[in-house]
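Each remark here refers to the structure printed beneath this line.
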Amino acid sequence: MNADLKIALVGNPNSGKSTLFNVLTGLNQKIGNFPGVTVDKKTGFCKLPDRRIAQIIDLPGTYSFYPKSRDERIVMEALADKSNSAHPDLIIFVADASNLKRNLLLYTQVADLKIPIIIALNMMDLAERSGIEISVDELASKLGVQVIPISARNAQGIDELKQTITHASKIPLQVDSIEVEALAPQLVQQICLEMQIDIPYIALQLAHQHEQLSFLTVQQSDRIEEIEQEFSFQSQKSQATETITRYNFINDVLFDTIHFKADPLQETISNRIDKVLTHRVFGFVIFFAILFLIFQSIFAWSAYPMGLIEQLFVWLANTGHQLLPAGVLTNLLLDGVLAGLSGVLVFIPQIAILFAFISILEDTGYMSRVTFMMDKIMRKVGLSGKSVVPLIGGFACAVPSIMSARNIENWKDRMITIMVTPLITCSARLPVYALLISLVVPDKKVWWFINLQGVALMAMYVLSIVSAIIVAWAMKQIIRSRERGYFIMELPVYRMPRWNNIALTMYQKVKTFVFEAGKVIVAVSIILWVLASYGPSGRFEKIESQYQSPVYTQKYSAQQLGLLKESARLGNSYAGILGKAIEPAIKPLGFDWKIGIALITSFAAREVFVGTMATIYSVDSDESHLASVREKMHSARNPDTGLPVFTTATAFSLMIFYAFAMQCMSTIAVVYRETKHWKWPTIQFAYMTVLAYIASLITYQLLK
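Given below as structure tokens:
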């Protein structure tokens, strides 16, 4: 869609900027990434009253032009660089009317870039309830810009804002808040001259941030550094002077424009609630109780829709095999592409429900309190308070949990969170654990109420948490970043959630997962299908003739023959050959080539292990009958030694391997999507595989 006008939304975090973006654009929006970074770039389109189309760009929230994260740096780059794809014709500055003094610091910086600007004075209803009276006309007069009072949550004032955009001046009319040249006169003049810049404040910002700004060449950055040394420029001192000067201007503006009906020092309702919800003891109890309820709901509510999705794909596969002509193309379509799609779409209920709860917690203001409480604890192992939700979400599924790590501003904290989240025991590991524990752990009770199998299962969960913490601490020492781990967070007032905003968030997250990660998942599914369906020339023909001989037809039923042939075909397929090829490497772990095939095929999803075992050991093809799988696996014997294949040592070694190994292509696809580089999923796959191998080797050698 071609736009007649490009508008950037700028504002502090929690100012309601994203809500206004959703109100203006509705479903007519797109989420991508800013060039070169993994920060979300939300763009959308809005029809103006004069029928022009405006492109709306929702820039990341920031408190000032002196950034503490990549998100904040993007705002400066988009507004200062005219060649940037996000550089706007007009800025809408979204300000929180209930906290105007703090918001105006960023406004004065943005205004000094001399781009036409409109102030959308948001949360006017909240300001009125707090006893704050704002003289909008007086504020507009003192700043030299149009100020439109709105309430984005209630869609109030939106029509007036659109009308103002329609008639907005193309010339910047805002009043200067500070005299930029006075901060460093010779330096600013020299940078303006050499870099051909006509805005003094951009020249000053280049002096402060030239090492981080991507639109400067190395030569330009080096030259600015030389100019700084020439004029003895001290960045920190200049920033402090600028901030004090700006607040002096802001105080003068607000003295005549804001009046308080109530005592501004009176304790607010939010503060009284915080005394309970952020209490050093009860705060954690309440938080874990909420999480318990959330994840109980995720498992309970997602089970039925996930079952329906699975049944739908089973029906589609059966119907397809009945209606379509038998052949390679049909098998590829149904067993490759359709199976791959089912692996994508079956996650939708969990993703939607998890992000619905996260959105509710964020919208009400509670999530900010959680990150505040947890930050000090998590930082000791290389994480931040915002890592809590992705890690706990990993108990359901690593895929949506890794997606939710986007809320972590600090790059190092975010990367460590993404790298360790797959170690948390997810629901896909449960069928594997349940099957193997039932084989080797007796179903007995200790002290009349402690079940040994339950203890073994709980131990696997505890192991996952401990391992994630240890690996996070190790990565804290390994991953280097010049970016400091600041924790600056505003605690917003408590509000009722905006249900339309939550629905829109769910829609966007599901859409992103299906269309971005889905492409990689389907491609890998097709490769796995080919490997398991084909083998070297002549091998499958020999299997067919072998099982058509009277030796087999007189001894086995047609169904048994089909399962035996399927098992033989799998052993002679490329996947089977690969399993036998890796057998020497996995034999020290207690695994044979058949388990090797399961390790390969379950790369698609860990729970595929059970189905692979059912096929290999020629039992009933219905994977839900775990009892028959157990019986056959329990009776399986090593042909060389005659001993059971699945001993206690082998079973625990296999569980430990699945606890650490990256046996989930969905997770790899999402890590690639989130990091926009194959380096990180490759490193993740490598370290988890090595960790799985070493831990499994130690387990087997100790228990055998």
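Mapped onto the working numbering, the consecutive letters of the sequence shown carry residue numbers 25 to 728. Beta carbons: idealized from backbone N, C-alpha and C, even for Gly.
(message) So for Ile-493, helix, strand or coil by DSSP?
(response) The answer is helix: DSSP assigns Ile-493 an H, G or I state.
(request) Report the option in Asp-28, Leu-356 and Pro-37 whose CA atom is closest to the CA atom of Ser-392. (result) Check the Cα spacing between Ser-392 and each of Asp-28, Leu-356 and Pro-37: the tightest is with Pro-37.
(request) On a CA-only basis, which of Leu-385, Ala-599 and Ala-496 is nearest Tyr-518? Give me that one, please. (result) Of the residues Leu-385, Ala-599 and Ala-496, the one whose Cα lies closest to the Cα of Tyr-518 is Leu-385.
(request) Kindly indicate which residue of His-658, Glu-152 and Ser-677 has the alpha-carbon position closest to the one of Pro-668. (result) When His-658, Glu-152 and Ser-677 are compared, the shortest CA-CA separation from Pro-668 is found for His-658.
(request) Just the C-alpha distance for Asn-127 and Ile-158, rounded to the nearest angstrom, thanks. (result) C-alpha separation (whole angstroms): 14 Å.
(message) What would DSSP say about Ser-175, mapped onto helix, strand or coil?
(response) Ser-175: strand per DSSP, three-state reduction.
(message) According to DSSP, simplified to helix, strand and coil, what is Gln-243?
(response) The answer is helix: DSSP assigns Gln-243 an H, G or I state.
(message) Could you tell me the alpha carbon to alpha carbon distance between Phe-45 and Thr-67, rounded to whole angstroms?
(response) Using only the alpha carbons, I get a separation of about 9 Å.
(message) If contacts are defined as beta-carbon pairs under 8 Å, then Arg-270 and Ile-202 qualify, I think. What distance do you get, rounded to the angstrom?
(response) With 8 Å as the limit, Arg-270 and Ile-202 qualify as a contact, their Cβ atoms being about 6 Å apart.
(request) Look at Thr-723 and Phe-676 and say whether their C-beta atoms are less than 8 Å apart. (result) At the C-beta level, Thr-723 and Phe-676 come within 8 Å of one another.
(request) Go through the region 403 to 460 residue by residue and report every complete run of the alpha helix (DSSP H) that reaches 4 residues or more, in order. (result) Complete alpha helix (DSSP H) runs here, min 4: 412 to 417, 422 to 428 and 435 to 444.
(message) Could you tell me which whole alpha helix (DSSP H) segments of length 4 or greater appear in the region 326 to 398?
(response) Runs found: 352 to 355, 363 to 369 and 372 to 388.
(message) On a Cα-Cα basis, can you pick out the residue from Tyr-131, Ala-327 and Leu-369 that is closest to Val-199?
(response) When each option's Cα is compared against that of Val-199, the closest is Tyr-131.
(message) Am I right that Gly-406 and Ile-440 are in contact with their C-beta atoms under 8 Å? What's the rounded C-beta distance?
(response) Contact between Gly-406 and Ile-440 holds, since their C-beta atoms are separated by about 5 Å, short of 8 Å.
(message) Taking the beta strand (DSSP E) that Val-34 belongs to, which residues open and close that run?
(response) For Val-34, the enclosing beta strand (DSSP E) has its first and last residue at 29 to 35.
(message) Need the endpoints of the beta strand (DSSP E) that Leu-145 sits in, please.
(response) Where Leu-145 is concerned, the enclosing beta strand (DSSP E) stretches over 141 to 146.
(request) Flag this pair as touching only if the region 164 to 172 and the region 142 to 153 have three or more C-beta atom pairs under 8 Å; answer yes or no. (result) With contact defined as three or more Cβ pairs closer than 8 Å, the region 164 to 172 and the region 142 to 153 are in contact.
(request) Taking only the alpha-carbon atoms, compute the straight-line gap between Glu-568 and Lys-65 and give it to the nearest angstrom. (result) Cα atoms of Glu-568 and Lys-65: separation of roughly 56 Å, rounded to the nearest angstrom.
(request) Alpha carbon to alpha carbon, how far is Ile-314 from Met-520? Give it in angstroms, no decimals. (result) Going by the C-alpha atoms only, they are around 17 Å apart.
(request) Could you tell me whether the Cβ atoms of Ile-619 and Ala-599 are closer together than 8 Å? (result) Taking 8 Å as the cut-off, the Cβ atoms of Ile-619 and Ala-599 do not count as close.
(message) Tell me which residue opens and which closes the alpha helix (DSSP H) that Ile-195 is part of.
(response) Annotation: Ile-195 is outside any alpha helix (DSSP H) and is labelled neither H nor E by DSSP.
(message) Starting from Leu-163, trace the alpha helix (DSSP H) in both directions and tell me its first and last residue.
(response) Where Leu-163 is concerned, the enclosing alpha helix (DSSP H) stretches over 160 to 167.
(message) Are the CB atoms of Tyr-485 and Thr-449 within a distance shorter than 8 Å?
(response) In contact: Thr-449 and Tyr-485 (Cβ atoms closer than 8 Å).
(request) Measure the C-alpha to C-alpha separation of Leu-103 and Gln-233 and round it to an integer number of angstroms. (result) It is roughly 14 Å from the alpha-carbon of Leu-103 to the alpha-carbon of Gln-233.
(request) Could you tell me whether the region 253 to 261 touches the region 109 to 116, using the rule of 3 or more Cβ pairs below 8 Å? (result) Because the criterion of three Cβ pairs below 8 Å is not met, the region 253 to 261 and the region 109 to 116 do not touch.
(message) Please state the DSSP three-state secondary structure of Asp-149.
(response) In this structure, Asp-149 counts as helix in the three-state DSSP scheme.
(message) Helix, strand or coil, according to DSSP, for Phe-306 in the structure here?
(response) Secondary structure of Phe-306 (DSSP, three-state): helix.
(request) Go ahead and pull the three-state DSSP assignment for Leu-667. (result) Coil, per DSSP.
(request) Kindly indicate which residue of Val-34, Ile-195, Gln-244 and Ile-189 has the alpha-carbon position closest to the one of Cys-806. (result) Outside the modelled stretch of the chain, which goes from 25 to 728, sits residue 806, for which no answer is possible.
(message) Considering Cα atoms alone, identify which of Trp-435, Asp-246, Ala-492 and Ile-268 is closest to Glu-218.
(response) Comparing Cα-Cα distances from Glu-218 to each of Trp-435, Asp-246, Ala-492 and Ile-268, the minimum goes to Asp-246.
(request) Using only alpha-carbon positions, find the residue among Pro-455, Ile-493 and Ser-462 that is nearest to Pro-446. (result) Minimum Cα-Cα distance from Pro-446 among the listed residues Pro-455, Ile-493 and Ser-462 corresponds to Ile-493.
(message) Looking at the strands, I want to know which residues DSSP matches up with Gly-586.
(response) DSSP lists no beta-bridge partner residue for Gly-586.
(message) Could you check whether the region 27 to 36 touches the region 82 to 89, counting it as contact only if at least three pairs of C-beta atoms, one from each stretch, sit closer than 8 Å?
(response) The region 27 to 36 vs the region 82 to 89: in contact.
(message) Among the candidates Leu-585, Tyr-571, Ala-480 and Ala-376, whose CA atom is the shortest distance from the CA of Thr-529?
(response) Minimum Cα distance to Thr-529 is reached at Ala-376.
(message) In the DSSP assignment, the alpha helix (DSSP H) including Val-694 goes from what residue to what residue?
(response) First-last of the alpha helix (DSSP H) with Val-694: 689 to 699.
(request) Starting from the C-beta of Leu-460, find all residues in its chain whose C-beta is less than 7 Å away, skip the five residues before and the five after it, and write them out in chain order. (result) If we look at Leu-460 and ignore the five residues flanking it on each side, its Cβ neighbours are Ala-675, Leu-678 and Met-679.
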